[in-house]
């Protein structure tokens, strides 16, 4: 059975990007989602720069936040997906505050019949300007994914250092990392299909 046909009905949701105008992490996320699409999945992208989420407070109920309907729509996107690609910019060795704030709102996902994102797969990517921050940011993402009960794709990776692997136009030029992103997109689709179909 062709890969694309086998992946029919699988939806992959991507979350990532940064607050800067030319976001390397957003570029990387788009590339990985395109790989997922080419492997037959339906994809959707959430750019953190376009989110209008307030600062998360763990003492507040969903209805206590301004515009809870907006937050619920955000949550519904996660409930409706079969797999995820999280692509975080690295700030001081960990995911950026805007990215982490979006993840924190997933606390409002239903706890029954399954807690958070139980039984679904996540592909993780950390994008870093230097050589040291990528691995530590990726480790942080793995802890985040574990807390959300995600199964982490083995191809999860970091893209770095941005000053060497991107050209002046903002294009990723390192072929090895491009190939790894394509493989990760395909892996997330394959695992999401397997988990969905039992």
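Numbering (this note's numbering), first residue to last: 7 to 204. Beta carbons: idealized from backbone N, C-alpha and C, even for Gly.
Residue i versus residue j: straight-line alpha-carbon distance, rounded
{"i": "residue 191", "j": "residue 164", "result": "14 angstroms"}
{"i": "residue 19", "j": "residue 103", "result": "20 angstroms"}
{"i": "residue 13", "j": "residue 178", "result": "Below a pLDDT of 50, predicted positions are generally treated as unreliable, and residue 13, at 46, falls in that range; the measurement from the model is reported next regardless. Cα to Cα, residue 13 sits roughly 27 angstroms from residue 178."}
{"i": "residue 175", "j": "residue 25", "result": "18 angstroms"}
{"i": "residue 17", "j": "residue 99", "result": "30 angstroms"}
{"i": "residue 195", "j": "residue 83", "result": "17 angstroms"}
{"i": "residue 96", "j": "residue 52", "result": "18 angstroms"}
{"i": "residue 169", "j": "residue 30", "result": "10 angstroms"}
{"i": "residue 172", "j": "residue 44", "result": "23 angstroms"}
{"i": "residue 108", "j": "residue 57", "result": "8 angstroms"}
{"i": "residue 63", "j": "residue 140", "result": "28 angstroms"}
{"i": "residue 70", "j": "residue 142", "result": "34 angstroms"}
Classification of residue i by the beta-carbon crowding that lies within 10 angstroms, buried from 16 upward
{"i": "residue 33", "result": "buried"}
{"i": "residue 61", "result": "exposed"}
{"i": "residue 153", "result": "exposed"}
{"i": "residue 49", "result": "buried"}
{"i": "residue 73", "result": "exposed"}
Distance CB(residue i)-CB(residue j) smaller than 8 angstroms
{"i": "residue 183", "j": "residue 161", "result": "no"}
{"i": "residue 127", "j": "residue 159", "result": "yes"}
{"i": "residue 23", "j": "residue 55", "result": "yes"}
{"i": "residue 167", "j": "residue 135", "result": "yes"}
{"i": "residue 201", "j": "residue 155", "result": "no"}
Anticipated Cβ contact below 8 angstroms, residue i with residue j, distance rounded
{"i": "residue 121", "j": "residue 151", "result": "Not quite, the Cβ-Cβ distance comes to about 13 angstroms (not below 8 angstroms), so this is no contact."}
{"i": "residue 94", "j": "residue 157", "result": "Not really, about 18 angstroms apart at Cβ, beyond 8 angstroms."}
{"i": "residue 91", "j": "residue 39", "result": "6 angstroms"}
{"i": "residue 105", "j": "residue 81", "result": "Wrong, their Cβ atoms sit about 16 angstroms apart, outside the cutoff."}
What beta strand (DSSP E) runs, 3 residues minimum, are completely inside the region 130-172? 163-165
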